[in-house]
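Protein chains in written order, with the working numbering: chain F, 47 to 197; chain L, 47 to 197.
Where is the CB? At the ideal position from N, CA and C, for every residue including glycine.
Bear in mind that the values here come from a model prediction, so they are computed numbers and not experimental data.
Protein chains: 2
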Amino acid sequence: MRRALALAEEAGKRGEVPVGCVIVREGKILGEGSNRREEGYAAGHAEIEAITMANRALGAWRLADAELYVTLEPCPMCAGAIVAARIPKIWFGAYDPKAGACVSVMDLFSYPLNHKPAVSGGHLEEECAGLLRRFFLSKRQTEKGDGHDGL
Amino acid sequence: MRRALALAEEAGKRGEVPVGCVIVREGKILGEGSNRREEGYAAGHAEIEAITMANRALGAWRLADAELYVTLEPCPMCAGAIVAARIPKIWFGAYDPKAGACVSVMDLFSYPLNHKPAVSGGHLEEECAGLLRRFFLSKRQTEKGDGHDGL
């Protein structure tokens, strides 16, 4: 999660909502990513980037035995991508009351889909949430408005 | 939808589950894509490919005023990507009782997310569903087993 936080911080410096993600298997990082939506990609969330990098590393779409660490609770797209990649375990940092699809807005994994990962939230929560809070605060101060309508 | 069907057929020839997607704005195709999961990408669904191509064409993540046509009901990942891209209108062909996130397994858009597209299903349904049926039938005959556990 420390590495995911570092990736999130980097994204914030690029003007992106600071979210970072790392995928680990057998103690090794298989893939990592950070938010690049402002570059112009709706699907450029940290988790999708990390999953695609891990897919490339393995040459396979299925990420069995992998664990995913992300600083913010996955949105529906990313929760769905975790199902699509069959990742068995997710750890997330901050809860997302606006778009979180593991607990906050919905529990996507409670539906009878063909994969159900184990989820654990609230890891390094204060640091992950604090990074987001500071980002939005500074954005509001700069733009005199929220300027952001969610992921 | 005819163009989406042609893309789906092409995907089937490459050994992919035959799903195709087209994004249109002001009568012009902005993006198109077909399934490329078997190439090794969990996030390589037709909708994600088409959204990313349309994002690239516009240089923006937001696809307002666009409409998305896809031969199969979007899964949770793709329904979430449609929310992330703020696409206002979706047309789909076949219903997906295993993974459909617009009607069949869940209605993702019924949750209080920050965007809610209009959805219309069942367009050229027989052709879209028939293409999938023939694909799985021929796969079962070749592999003497289903060999597929869903998108």
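Cα-Cα separation, residue i to residue j
{"i": "V149(L)", "j": "E189(F)", "result": "39 Å"}
{"i": "E95(F)", "j": "W107(L)", "result": "15 Å"}
{"i": "E78(L)", "j": "W137(L)", "result": "14 Å"}
{"i": "P120(L)", "j": "P163(L)", "result": "12 Å"}
{"i": "G168(F)", "j": "R186(F)", "result": "26 Å"}
{"i": "K135(L)", "j": "A54(F)", "result": "32 Å"}
{"i": "L51(F)", "j": "L104(L)", "result": "31 Å"}
{"i": "R180(L)", "j": "C67(L)", "result": "19 Å"}
{"i": "S184(F)", "j": "P64(F)", "result": "12 Å"}
{"i": "H161(F)", "j": "L118(F)", "result": "21 Å"}
{"i": "C124(F)", "j": "G126(L)", "result": "8 Å"}
{"i": "R48(L)", "j": "R49(F)", "result": "46 Å"}
{"i": "S80(L)", "j": "G86(L)", "result": "14 Å"}
{"i": "L76(L)", "j": "R82(F)", "result": "21 Å"}
{"i": "D192(L)", "j": "A130(F)", "result": "Low local confidence applies: a pLDDT of 49 at D192(L) is under 50, so the model's placement there is unreliable, and no value is given."}
{"i": "G146(F)", "j": "M152(F)", "result": "7 Å"}
{"i": "L178(L)", "j": "V165(F)", "result": "33 Å"}
{"i": "R132(F)", "j": "K144(F)", "result": "25 Å"}
{"i": "P122(L)", "j": "F182(L)", "result": "22 Å"}
{"i": "N101(L)", "j": "S156(F)", "result": "31 Å"}
{"i": "V116(L)", "j": "V116(F)", "result": "30 Å"}
{"i": "E84(F)", "j": "P158(L)", "result": "23 Å"}
{"i": "L154(L)", "j": "E62(L)", "result": "25 Å"}
{"i": "T98(F)", "j": "I128(F)", "result": "11 Å"}
Amino acids of chain L, ordered along the chain, whose beta-carbon sits closer than 9 Å to that of residue i
{"i": "L170(F)", "result": "Within chain L, no residue comes near L170(F); the closest Cβ sits about 25 Å away, beyond 9 Å."}
{"i": "R48(F)", "result": "Within 9 Å Cβ-Cβ: nothing; R48(F) doesn't reach chain L, min ~25 Å."}
Any chain F beta carbon closer than 8 Å to residue i
{"i": "T188(L)", "result": "no"}
{"i": "I97(L)", "result": "yes"}
{"i": "G167(L)", "result": "no"}
{"i": "G118(L)", "result": "Residue identity check: residue 118(L) is Leu in the sequence provided, not Gly. No, no contact with chain F."}
{"i": "R83(L)", "result": "yes"}
{"i": "G105(L)", "result": "yes"}
{"i": "A110(L)", "result": "no"}
{"i": "G193(L)", "result": "Note that G193(L) has pLDDT 48, beneath the 50 cutoff, so the model's placement of it is unreliable and no number is given."}
Near the ligand NAP: residue i beta-carbon under 7 Å from a heavy atom
{"i": "P134(L)", "result": "Looking at this structure, you won't find the ligand NAP or any other ligand, since it has none at all."}
Neighbouring residues, chain F, relative to residue i (Cβ below 9 Å)
{"i": "C121(L)", "result": "G126, V129, A130 and L159"}
Below-8 Å beta-carbon distance, residue i vs any chain L residue
{"i": "V151(F)", "result": "yes"}
{"i": "Y87(F)", "result": "yes"}
{"i": "K144(F)", "result": "yes"}
{"i": "F182(F)", "result": "no"}
{"i": "I94(F)", "result": "yes"}
{"i": "R179(F)", "result": "no"}
{"i": "L53(F)", "result": "no"}
Within chain L, the residues that residue i reaches when beta carbons sit closer than 7 Å
{"i": "L154(F)", "result": "P122"}
Beta-carbon neighbours of residue i, restricted to chain F and to distances below 8 Å
{"i": "A164(L)", "result": "Ordered by position in chain F, no residue passes the 8 Å Cβ test against A164(L), which lies about 17 Å from the chain."}
>> If contact is defined by three or more beta carbon pairs under 8 Å, each pair taking one atom from either stretch, is the stretch 57-72 of chain L in contact with the stretch 89-109 of chain F?
In response: no
> In the stretch 52-127 of chain F, which residue ranges form an unbroken beta strand (DSSP E) of at least 3 residues, counting only runs that do not cross its ends?
Replying inline: 66-71, 74-80 and 113-118
> Which whole runs of the alpha helix (DSSP H) in the stretch 125-190 of chain L are 4 residues long or more, in chain order?
Replying inline: 171-189
>> Counting beta carbon pairs with one atom in the stretch 171-185 of chain L and one in the stretch 123-140 of chain L, are three or more of them shorter than 8 Å?
In response: yes
> Per the contact definition of three or more C-beta pairs closer than 8 Å, is the stretch 62-78 of chain F in contact with the stretch 109-116 of chain F?
Replying inline: yes
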